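One structure is given below, encoded as structure tokens.
Numbering (our numbering), first residue to last: 414 to 644.
Here you go:
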């Protein structure tokens, strides 16, 4: 077997195929280039969406193409930007969307930016939730009782708990907490059933999501969190 084919086969053997976590939602293996962030593919009748950058390898490229490609690559925060956004856009012929505070981080890419909210279809909306980073945002999908793809705005701290986490890279902690409060006001137990985080997904032990998401948000003590130390 030629050497280049051997290397490709070895790479394929080490790469996990994206897995189905909810109907129409696939999770990619954590990407080293984005410090272990988890990317998602949303299969949607108005156009497939890739949320944050997965590893740009043969397995993921072929998977995306077999799913019909994508219409949008959405970056939920600056930490979700991979090294090959331009190549991804050229290969997949997709629109790249990022909140306007962080669009400057992609100077060589043709991007579409938004301010506070961006409606992608009748059941999909991007929501600006700054705090973790200046342009941090969440994607809300009305399907399956309501799903919030939270990027690094909200992260699991156990298999059943979600919370904002204050780290050394947090841009503005109090602003992040204020945006958690806004999400609680915006949603209800009837409109928000799941949260799919963009990192720390190992805590979920293979399930891939936080259930009873609104109840988790409602249970957070934001006053106590204001004094939380950096982790």
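Using N, Cα and C, we set each Cβ at its ideal position, and we do this for glycine too.
In this text the structure is predicted, and so the values were computed from the model without any measurement.
Residue 625 - DSSP class collapsed to helix/strand/coil: coil
How long is the line joining the alpha carbons of residue 510 and residue 539, rounded to whole angstroms? 10 Å
List the endpoints of the continuous alpha helix (DSSP H) containing residue 530. Element bounds for residue 530: not the alpha helix (DSSP H) but the beta strand (DSSP E), 530-534.
Could you tell me how far apart the beta carbons of residue 635 and residue 590 are, in whole angstroms, since I believe they sit closer than 8 Å? 5 Å
Would you mind listing the alpha helix (DSSP H) stretches within the stretch 546-628 that are 4+ residues and don't spill past its ends, in chain order? 586-599
Best match in 620, 506, 630 for proximity to residue 561 [C-alpha to C-alpha]: 630
Check the C-beta distance from residue 616 over to residue 434 and give it rounded, since I have them as a contact under 8 Å. No, residue 616 and residue 434 are not in contact; Cβ-Cβ is about 14 Å, not under 8 Å.
Reference residue 605; option with closest CA among 563, 486, 512, 643: 563
For residue 498, which three-state DSSP category applies? helix
Can you tell me whether DSSP reads residue 631 as helix, strand or coil? helix
Please say whether residue 521 and residue 548 have beta carbons closer to each other than 7 Å? no
With a threshold of 6 Å, establish whether the CB of residue 536 neighbours any heavy atom of the ligand NAD. This structure does not include the ligand NAD; it has no bound ligands of any sort.
Start and end residues, beta strand (DSSP E) containing residue 646: The structure shown has nothing for residue 646, since the chain only spans 414 to 644.
Look at the alpha carbon of residue 460 and the alpha carbon of residue 640, and state the distance between them as a whole number of angstroms. 42 Å
Between which residues of its own chain and residue 614 is the CB-CB distance below 8 Å, once the five residues before and five after are set aside? 440, 443, 451, 569, 621
Buried or exposed by the 16-neighbour rule on C-beta atoms within 10 Å, applied to residue 586: buried
Cβ shell of residue 508 (< 6 Å), same chain only, five flanking positions each side left out: 485, 525
Whole angstroms are fine: how far does the CA of residue 455 sit from the CA of residue 438? 5 Å
Between residue 490 and residue 545, which are expected to be in contact by the criterion C-beta below 8 Å, what is the C-beta distance as a whole number of angstroms? 6 Å
Which stretch, first to last residue, makes up the alpha helix (DSSP H) that contains residue 477? 471-479
Are the Cβ atoms of residue 626 and residue 608 separated by less than 7 Å? yes
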